[in-house]
Each structure stands twice: as C-alpha cells, then as structure tokens.
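One line per chain: the protein sequences are A, B, C and D, in this order. Positions 103 to 231 (the numbering used here) are the ones given, in order, by the first sequence. Positions 103 to 231 (the numbering used here) are the ones given, in order, by the second sequence. Positions 103 to 231 (the numbering used here) are the ones given, in order, by the third sequence. Positions 103 to 231 (the numbering used here) are the ones given, in order, by the fourth sequence. Cβ atoms here follow ideal geometry from the backbone N, Cα and C, with glycine treated the same way. Remember, predicted model here, so these are calculated numbers, not experimental data.
Number of protein chains: 4
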Amino acid sequence: LANEPFNNLLGIRTIETGDKTVTIECQLRPELMNSDGVLHGGVTATLADVAVGQAVEHHFGGARLNTTVEMKVNYLRPIMGTRVTARGRLLRIGNTLCVGQADVMDDAGNLAGVALVTYMLLDAPAPVR
Amino acid sequence: LANEPFNNLLGIRTIETGDKTVTIECQLRPELMNSDGVLHGGVTATLADVAVGQAVEHHFGGARLNTTVEMKVNYLRPIMGTRVTARGRLLRIGNTLCVGQADVMDDAGNLAGVALVTYMLLDAPAPVR
Amino acid sequence: LANEPFNNLLGIRTIETGDKTVTIECQLRPELMNSDGVLHGGVTATLADVAVGQAVEHHFGGARLNTTVEMKVNYLRPIMGTRVTARGRLLRIGNTLCVGQADVMDDAGNLAGVALVTYMLLDAPAPVR
Amino acid sequence: LANEPFNNLLGIRTIETGDKTVTIECQLRPELMNSDGVLHGGVTATLADVAVGQAVEHHFGGARLNTTVEMKVNYLRPIMGTRVTARGRLLRIGNTLCVGQADVMDDAGNLAGVALVTYMLLDAPAPVR
Chain A
103 LANEPFNNLL GIRTIETGDK TVTIECQLRP ELMNSDGVLH GGVTATLADV AVGQAVEHHF
163 GGARLNTTVE MKVNYLRPIM GTRVTARGRL LRIGNTLCVG QADVMDDAGN LAGVALVTYM
223 LLDAPAPVR
Chain B
103 LANEPFNNLL GIRTIETGDK TVTIECQLRP ELMNSDGVLH GGVTATLADV AVGQAVEHHF
163 GGARLNTTVE MKVNYLRPIM GTRVTARGRL LRIGNTLCVG QADVMDDAGN LAGVALVTYM
223 LLDAPAPVR
Chain C
103 LANEPFNNLL GIRTIETGDK TVTIECQLRP ELMNSDGVLH GGVTATLADV AVGQAVEHHF
163 GGARLNTTVE MKVNYLRPIM GTRVTARGRL LRIGNTLCVG QADVMDDAGN LAGVALVTYM
223 LLDAPAPVR
Chain D
103 LANEPFNNLL GIRTIETGDK TVTIECQLRP ELMNSDGVLH GGVTATLADV AVGQAVEHHF
163 GGARLNTTVE MKVNYLRPIM GTRVTARGRL LRIGNTLCVG QADVMDDAGN LAGVALVTYM
223 LLDAPAPVR
C-alpha cells in the first residue's frame, strides 16, 4: 500500500495474506471518528473497498489493472476501541469482474460490518463466446 | 459539519440545503487519491454517506439521533479535476428509517457515482400498530 | 417480453419506452403476495431487474447479449392495490457495464421501492486502453 | 411456508434449519427461467429474501412481525440444472433490525449468488438509551 495516498492518510496497512484473502488494519484515532465519537461510516466503507481490492491485487500478483465498480456495506455495530480490521475474500474471479466479501471486525472480535464489493479488471480480454 | 473530525480531515463542507436535500463538496487533493491518480472509492462512499446524513440532519433540524445502517454505491466514472460534489436527497422518511439517494458529480458536471443510503433514527418511538 | 417465461408467469408487460427509460407494469393478484397480504419483496426485486434490463434492451435495440451482475433494492412502503409499475432508467452506459435505477410505484403514485441494477454486456469488445 | 402465496407459486420449501440459519430449495422449471434459458434473476433475489426471512422467522419462533427493508444480490454464475438452494444466515440480530447473508448454490455445488438482506422487526419496542 506504499503508493496509495488515501490509504496512507487513513493509516491502512496489510497484516495478512492468504489464498484469495487479505486482511488489513487501521488504528483508530480522533480524525477518523464522526461526531458521535465512533468510527465514521466512510472509513468502514473504505476498509471494505481496500480489503477486497487488496485481495484482487494479491490474487493476480499486482499484474492486473482494476477498479471498484460497486460496493454495499451493512453497518452492524458502532466501532470503537483502538483498531479495526477488515478481511477481504474473493467469492468469484471472473474474466471481467471479481466479487469479494469484506468482514469488518472491531478489536473485541465482533463482526461490526459486512460488505460485498465488485471490481472490474480493466485489461480483460474480450469475452470468448 | 464543525465537529465532524473525519469530514474535516477530508475537507467536506455543505454548500446548499433545500427541501429534503443537501449538497456537499470536497476539493480534490493528492491525499484523497488512489494509486491510479483518481479519487479513492472510499472518499466517494464517504461523500454519499455524509450527503444523505446531512439531509437527515437538515430535515429534522439536527434534533434526532441517527446512524447509517447500510449504503450502496455504484461508481460510474473515475473522478478527477479540482472538486467533487454530492447531493443527498431523502426518498422516504419513516418513523424509524430514512432512505436517501446521493448523486456524486465531478466538476465537469458528469454523474460519477450514485448511492442509496439508509439511516436509522435511534430515538424513534415504538411503532404504533 | 414475449419469450420471457418468468416475466410471463408474473404478468409483467411493458407500457412505455423513452430515451434510456422503460416502464413496466404488473397487475397484483393473490399469487404474488406474501403472508402479510402485500406484494412479495421478490416480485418488487424482479420488477426492478426487468425494468432496467428492458431499458438496456431498448437502448441497444435488442442487439446486445446482457446479464444482471448485481442489484440493490430498498423497500420504502408495502405495495397493495391493483397494480405496480417500475420505471427503469439508464444512468451510465459503458462499454462493458450499464447501470440503471428503477423506481417502483404503487397505484396511488407513491414511490414504494428504489433500486440500482448493474448489467454486463456479454459481447463487449476488449477495452481500448 | 404454507400460507406464502408467492413462495408457493415458485415452489420454495424449507429443507434445513439450524442455529441462525435456514436453507430453502426450489426446483427449476421452465416458468422460472429467463429468455436465455437460465434462472431469472428475480427468482434468485426472491430466494435470498426468503432464506434470510425464514432465518428471522426461525430465530424468533415465528413470534415477531417483520418486513424486508433492503436487499443486495450479486449474481456470480448463471443457474441451470434441476434445483437451486439458498442458505440464509443471520449476521446481526438487533432490537430493530436483523441483517443476514444468503448464499445461493446451484445443484453442482457452485456458489451462484450472494446477498445481504436487512429485515426490520415491526413490533420492536422503543430503543433504550
């Protein structure tokens, strides 16, 4: 995540990679909070996007151009404490689209958010019919 | 948006309010970009969340506790240029849930993203049956 | 919609076409209801999918193979009465993906549901870079 | 599912219940297909909605009034063959909202669709603050 300006602004870093999965983390700090003192929903959405995006990057060894085409997040609990993690996992790797799920956990181990994210491979060849 | 730390980190400010609508803007700057040099999808998602949230706040005059329960964003074009705006509009104001749409526009006037966002009113009375 | 078996089972028919828009309707009848006596959410989702799909078909004159890749529906009110309409409108027509919105209306003219639907053009040429 | 007219029209039946999970199935037949000869996306969406709804019903022993407030489906593969199953699993059981995931499988055991579905408990008491 070295050359990802917004990820760096938030302090997102990768902590684990596996087969079709990547886990990232972010330390909570005052700038990432909303006016209620809990993690801003935009940070949770960013983590979901990045976790699945990193799973795409990891799966293809960073060799494929890609972009998020859509994302859906359900917020299950307010996120407090010291850090948040997001585990992205690829559910479907197609020729053109990759769909992944992100589970967002608080530091007490609660599932605090869940997301479905679709990435498009921008350098996909034409579909074979 | 004075006491919203994450909104301030991104530089989000309200530029227009109307009946059930609020428009916000954010100046693009290097820290908000991804590694491809376009606006990070997490910023777009944040703008969608905030635009609808501000429409909820505006509608109730800031008098109701609320939280995002879910959000869905479609990314329609990469966002470049100097600024991005998001117009949140309430589609349904229920006793417990408020659903809004956010249209995200680039500075050339293109629709660059669209979102549906659900907020819950945390201080809702018990449903009347 | 002549050779669409499931659309025919539900009784969906097109009532209006325009620039990037198609409106469909469905007569309510007991078989389409849930146990609470209102329209089943699956019918509303089907209408959203079909309305945007028909807008894709109409836009390309029926010349492009396509499939739904994802859909998101918000249910805003229970649907009762005698019929329901859904207006699909294309928000973005890309080389590979088309994104549309569907507004679902009850017969009193209330917005009863709203959806974002993504279609993929299966016969898209390879992206030009 | 005895008094669920639309579920009966489609031929949906429960095949397994567990802790926070319910699995349903539907036999494929010509009326449920689209013009490409694969399962209509509206049926898949219906199965996702019903699988999570039945998990809500099962969890509360049928004692709570509820309704779908929103649903998001990703279609991962075309569904063919003789039957389709959907496993609904509750991720979060709140005082007002329940969020579940549905995994839709074809009869070859492939994950063909995935969904996030939010239900509202209509008889929820007022939130305790």
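**Study point:** Rounded separation between Leu218/B and Thr119/D - CA only
**Key:** Walking along the second sequence from the start, residue 218/B turns up at place 116. Walking along the fourth sequence from the start, residue 119/D turns up at place 17. Near 32 Å, if we compare the C-alpha coordinates of Thr119/D and Leu218/B.
Review point. Taking the beta strand (DSSP E) that Gly215/A falls in, what are its first and last residues?
Key: Residue mapping note: residue 215/A aligns to position 113 of the first sequence, counting from 1. Unbroken beta strand (DSSP E) run through Gly215/A: Leu213 to Leu223.
Point to revise | Contacts of Val175/A in chain B (Cβ-Cβ under 7 Å) | key: As a working note, residue 175/A is residue 73 in the first sequence. Residues of chain B passing the Cβ test: Glu172 and Met173.
Check your understanding: Based on Cα-Cα distance, which residue from Gly183/B, Arg194/B and Thr148/B lies nearest to Leu130/B?
Key -> As a first step, residue 130/B is located in the second sequence; it is residue number 28 there, counting from the start. Comparing Cα-Cα distances from Leu130/B to each of Gly183/B, Arg194/B and Thr148/B, the minimum goes to Gly183/B.
Practice item. Counting only the same chain and skipping the five closest in sequence on each side, list residues whose C-beta sits under 6 Å from that of Val201/B. Key: The residue given as residue 201/B occupies position 99 in the second sequence. Once the five neighbours on either side are set aside, the close Cβ partners of Val201/B are Leu193, Arg194 and Thr220.
**Study point:** Counted within 10 angstroms of its Cβ, other Cβ atoms place Gly211/D as buried (16 or more) or exposed
**Key:** Counted from its first residue, the fourth sequence places residue 211/D at position 109. Gly211/D is exposed by the Cβ-count criterion.
Check your understanding: Name the residues in the region 178-202 of chain D whose C-beta lies less than 7 Å from a C-beta of chain B; which are they?
Key -> Thr198 and Leu199
Exercise for review: Would you please verify whether the beta carbon of Pro216/D is less than 8 Å from any beta carbon of chain A?
Suggested key: In the fourth sequence, the residue the question calls residue 216/D occupies position 114. Rather than Pro, the amino acid found at residue 216/D in this sequence is Val. Cβ-Cβ to chain A under 8 Å: yes for Val216/D.
Review point. Going by Cα to Cα distance, which pick from Thr123/B, Asp121/B, Glu127/B and Pro227/B is closest to Leu112/B?
Key: Taking the first residue of the second sequence as 1, we reach residue 112/B at position 10. Closest option to Leu112/B, Cα to Cα, is Glu127/B.
Review point. Taking any Cβ of chain C, which residues in the region 121-147 of chain D have a Cβ under 7 Å from it, in chain order?
Key: Pro132, Glu133, Leu134, Met135, Asn136, Ser137, His142, Gly143, Gly144, Val145 and Ala147
Review point. For Ala204/A versus Arg185/A, is the C-beta spacing smaller than 8 Å?
Key: For the purposes of this step, residue 204/A is taken as residue 102 along the first sequence, with counting starting at 1. For the purposes of this step, residue 185/A is taken as residue 83 along the first sequence, with counting starting at 1. By the CB criterion at 8 Å, Ala204/A and Arg185/A fall outside the cutoff.
Check your understanding: Could you give the residue range of the alpha helix (DSSP H) that holds Gly143/A?
Key -> Translated into positions along the first sequence, residue 143/A becomes position 41. Gly143/A -> alpha helix (DSSP H) spans Gly143 to His161.
Review point. Since Leu141/B contacts Asp225/B with CB under 8 Å, what's their CB separation in whole angstroms?
Key: Residue 141/B sits at position 39 when you count from the first residue of the second sequence. Residue 225/B sits at position 123 when you count from the first residue of the second sequence. Contact flag wrong, Cβ pair sits at about 34 Å.
Practice item. State yes or no: is the C-beta of Gly215/B within less than 8 Å of the C-beta of Ala150/B? Key: In the second sequence, counting from the first residue as 1, residue 215/B sits at position 113. In the second sequence, counting from the first residue as 1, residue 150/B sits at position 48. The Cβ atoms of Gly215/B and Ala150/B lie closer than 8 Å to each other.
Check your understanding: Straight-line CA distance for His160/A to Ile117/A?
Key -> By one-based count along the first sequence, residue 160/A stands at place 58. By one-based count along the first sequence, residue 117/A stands at place 15. Between His160/A and Ile117/A, the C-alpha separation is close to 13 Å.
Point to revise | Neighbour-count burial assignment, Asn110/B, 16 or more Cβ in a 10 Å radius | key: Residue mapping note: residue 110/B aligns to position 8 of the second sequence, counting from 1. Exposed, because fewer than 16 other Cβ atoms sit within 10 Å of the Cβ of Asn110/B.
Practice item. Could you spell out where the alpha helix (DSSP H) holding Leu111/C opens and where it closes? Key: Counted from its first residue, the third sequence places residue 111/C at position 9. Looking at the DSSP string, the run of the alpha helix (DSSP H) that includes Leu111/C is Pro107 to Leu112.
Check your understanding: Closest by CA to Val145/A, which one among Val154/A, Met135/A and Gly139/A?
Key -> Position 43 of the first sequence holds residue 145/A. When each option's Cα is compared against that of Val145/A, the closest is Met135/A.
Review point. Who are the neighbours of Thr220/D on chain A, taking C-beta pairs under 7 Å?
Key: For the purposes of this step, residue 220/D is identified with residue 118 of the fourth sequence, where counting begins at 1. Going along chain A in sequence order, the residues near Thr220/D (Cβ under 7 Å) are Asn176.
Practice item. Would you check if the distance between the CB atom of Leu223/B and the CB atom of Thr198/B is smaller than 8 Å? Key: On the second sequence, residue 223/B is found 121 positions in, with the first residue counted as 1. On the second sequence, residue 198/B is found 96 positions in, with the first residue counted as 1. Yes. Within cutoff.
Practice item. Answer with yes or no whether the minimum CB distance from Leu261/B to chain C is below 8 Å. Key: Only positions 103 to 231 of chain B appear in this structure, which leaves residue 261/B out of reach.
Review point. Applying a beta-carbon distance threshold of less than 8 Å, which residues of chain A neighbour Leu316/B?
Key: Coverage of chain B is limited to positions 103 through 231, which leaves residue 316/B absent and any answer about it impossible.
Point to revise | Residue-level contact to chain D via CB, Asp205/C, 8 Å cutoff | key: Taking the first residue of the third sequence as 1, we reach residue 205/C at position 103. With 8 Å as the cut-off, Asp205/C does not count as an interface residue toward chain D.
Review point. Beta carbon of Arg191/A, beta carbon of Thr123/A: below 8 Å?
Key: By one-based count along the first sequence, residue 191/A stands at place 89. By one-based count along the first sequence, residue 123/A stands at place 21. Yes, the Cβ-Cβ distance between Arg191/A and Thr123/A is below 8 Å.
Practice item. Run down chain B in chain order and give the residues with a C-beta less than 8 Å from the C-beta of Val152/A. Key: Taking the first sequence and counting its residues from 1, the one referred to as residue 152/A is at position 50. Gly144, listed in chain order.
Practice item. Just mark Ala153/A as buried or exposed, buried being the case when its beta carbon has 16 or more other beta carbons within 10 Å. Key: Counting from 1 along the first sequence, the entry for residue 153/A is found at position 51. Buried, because 16 or more other Cβ atoms sit within 10 Å of the Cβ of Ala153/A.
Check your understanding: Are the C-beta of Phe162/C and some C-beta of chain D separated by less than 8 Å?
Key -> Taking the third sequence and counting its residues from 1, one reaches residue 162/C at position 60. No, Phe162/C does not count as interfacial toward chain D.
Point to revise | Proximal residues of chain C, C-beta to C-beta of Glu106/D below 9 Å | key: Numbered from its first residue, the fourth sequence carries residue 106/D at position 4. Contact note: Glu106/D reaches chain C through Met135, Asn136, Ser137 and His142, using a C-beta cutoff of 9 Å and chain order.
Practice item. Consult DSSP for Leu178/B and reduce its assignment to one of helix, strand or coil. Key: For the purposes of this step, residue 178/B is taken as the residue at position 76 of the second sequence. Note: Leu178/B maps to coil in three-state DSSP.
Exercise for review: Please report the Cβ distance between Glu133/C and Tyr177/D, rounded to the nearest whole angstrom; I am assuming they are in contact, meaning their Cβ atoms lie under 8 Å.
Suggested key: For the purposes of this step, residue 133/C is taken as residue 31 along the third sequence, with counting starting at 1. For the purposes of this step, residue 177/D is taken as residue 75 along the fourth sequence, with counting starting at 1. So it is not a contact: roughly 25 Å between Cβ atoms.
Point to revise | Pro132/A CB to nearest heavy atom of the ligand MG below 7 Å | key: Looking for the ligand MG in the displayed structure turns up nothing, as the structure carries no ligands at all.
Practice item. Can you check DSSP and say which residues form a bridge with Thr170/B? Key: Taking the second sequence and counting its residues from 1, one reaches residue 170/B at position 68. Tyr221/B.
**Study point:** Alpha-carbon spacing of Asn105/B relative to Pro227/B, whole angstroms
**Key:** If you number the second sequence from 1, residue 105/B lands on position 3. If you number the second sequence from 1, residue 227/B lands on position 125. So the two alpha carbons sit approximately 27 Å from each other.
Review point. In angstroms, rounded to a whole number, what distance separates the CA positions of Met207/C and Met207/B?
Key: On the third sequence, residue 207/C is found 105 positions in, with the first residue counted as 1. On the second sequence, residue 207/B is found 105 positions in, with the first residue counted as 1. Each residue's alpha carbon lies about 27 Å from the other.
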